[in-house]
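A short write-up of the structure that comes next.
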Ligand SMILES: Cc1ncc(C[n+]2csc(CCOP(=O)(O)OP(=O)(O)O)c2C)c(N)n1
Ligand code: SF4
Ligand code: SF4
Ligand code: SF4
Ligand SMILES: [Mg+2]
């Protein structure tokens, strides 16, 4: 644990600031929570590798002063898998958009979860394709509007938590950018957990999702994260089962971690040869 | 008892994009927009250093420095 007060300037590449995100975009709050999590864990910057795909969310990898790879839309987990297998000592963190993680990257997502490889996936769920102009994503939800669904979408959404759980992720949590401190704590737990960790963070895209769905500005969208979510198992669910639950849904330490299991195979193969 | 703590509000006006999140969610109504629609601490004496503004600023534009933080570091 570090005693020094947190100063984000020690963890960013200031030449890229002010950052590119729109006024009020929740992605910047996720960035802040991630930096605080790293600080409180007392991690060395050289121990961390951030791998991201393409999207507004994925731009995080350019802003942090860690090892970073800004790769291909949907494939960040595959790059992270390669990095992690060759350098298992690194902490692999993958900030992802909802489209990045669960549309084009859905296959990579379920297999990373199935393998239980020690990677922390932070799904920055703004329920839309922000970067490319507001197309609907597999997280938008039925009846929501997007540039590609002017009369509203008919698609049912994924539940990121349930999907991650059933695909085999061994740490699964959810929070929102309104609850920035909770986000930080969940990211810390996810990074410390040995295995595939998924932290879904609800984050506002006021520019596209907010405007298309008349959900107001960034402030109103954050207010709705306060009113529409509760801690897991809250009494409020009895009256309103539609409230979105926040907290840790899965924390399982009984499943072998992929890099360690692979290492055992290498050891066995070496013996076989000798 | 003093109303608040002695705190400095470091606001980077180049980075602030005027979203108003810090102003809206400040529990003590310390912050307001300046004439250029950037955040400003106009009632710093009311601040309780909860740092919610710093935590929720999407632009990393606001830092709360509590008096004494620097000294602790030296010890
Ligand atoms: C292979 C490929 N397909 C499509 C794109 C275009 N593209 C870039 S970002 C993006 C979606 C971004 O949405 P999301 O992942 O939710 O991130 P956000 O911008 O909302 O944070 C798409 C479709 C691309 N860059 N590469
Ligand atoms: S388009 Fe949406 S997700 Fe992208 S920076 Fe703007 S507000 Fe954020
Ligand atoms: S630290 Fe808390 S009380 Fe002080 S300005 Fe920020 S939000 Fe307001
Ligand atoms: S939250 Fe940050 S960017 Fe938004 S008005 Fe306050 S200081 Fe400016
Ligand atoms: Mg998105």
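Residue numbers (the working numbering), protein chains in the order written: chain Y, 46 to 319; chain H, 1246 to 1320. By construction, the Cβ of each residue, glycine as well, lies at the ideal position given by its N, Cα and C atoms.
{"Query": "Give the residues of chain H in contact with residue 255/Y, contact being defined as C-beta atoms less than 9 angstroms apart.", "Result": "Correct list: empty, because the minimum Cβ distance to chain H is about 12 angstroms."}
{"Query": "For residue 183/Y and residue 219/Y, I'd like the C-alpha separation in whole angstroms.", "Result": "17 angstroms"}
{"Query": "Quick check: residue 217/Y and residue 206/Y, are their CB atoms within less than 9 angstroms of each other?", "Result": "yes"}
{"Query": "Would the region 69-79 of chain Y and the region 1294-1310 of chain H be scored as touching if the rule is three or more Cβ pairs under 8 angstroms?", "Result": "yes"}
{"Query": "Is residue 1273/H close to chain Y, meaning its C-beta is less than 9 angstroms from at least one C-beta of that chain?", "Result": "no"}
{"Query": "Among 161/Y, 270/Y, 190/Y, 267/Y, which one has its Cα closest to the Cα of residue 298/Y?", "Result": "161/Y"}
{"Query": "Quick check on residue 1272/H: buried or exposed, where buried means 16 or more other Cβ atoms within 10 Å of its Cβ?", "Result": "exposed"}
{"Query": "Spatial neighbours of residue 233/Y within its chain, please: C-beta separation below 8 angstroms, excluding the five flanking residues on both sides.", "Result": "82, 85, 86"}
{"Query": "Since residue 258/Y and residue 316/Y are thought to touch, with beta carbons under 8 angstroms apart, how far apart are those beta carbons, to the nearest angstrom?", "Result": "Going by Cβ atoms, the distance from residue 258/Y to residue 316/Y rounds to 60 angstroms, so no, they are not a contact pair."}
{"Query": "Just reading off the beta strand (DSSP E) that residue 320/Y is part of, what are its end residues?", "Result": "Residue 320/Y falls outside the range modelled here, since chain Y spans only 46 to 319, and no answer is possible."}
{"Query": "DSSP three-state call for residue 1254/H: helix, strand or coil?", "Result": "strand"}
{"Query": "Beta-carbon of residue 289/Y versus every beta-carbon of chain H: anything under 9 angstroms?", "Result": "no"}
{"Query": "May I have the straight-line CA-CA distance separating residue 237/Y from residue 244/Y, to the nearest angstrom?", "Result": "13 angstroms"}
{"Query": "Could you please go through the chain and list the residues whose beta-carbon is closer than 6 angstroms to any non-hydrogen atom of ligand 2?", "Result": "66/Y, 67/Y, 70/Y, 72/Y, 101/Y, 171/Y, 175/Y, 176/Y, 250/Y, 251/Y, 252/Y, 253/Y"}
{"Query": "Could you say which of 116/Y, 268/Y, 106/Y lies nearest to residue 98/Y if we only look at CA atoms?", "Result": "116/Y"}
{"Query": "Excluding five sequence neighbours on each side, which residues of the same chain lie with their C-beta closer than 7 angstroms to the C-beta of residue 108/Y?", "Result": "57, 58, 61, 64, 76"}
{"Query": "Residue 166/Y bridges to which residues according to DSSP?", "Result": "139/Y, 243/Y"}
{"Query": "When every heavy atom of ligand 1 is checked, does at least one fall within less than 8 angstroms of the C-beta of residue 143/Y?", "Result": "yes"}
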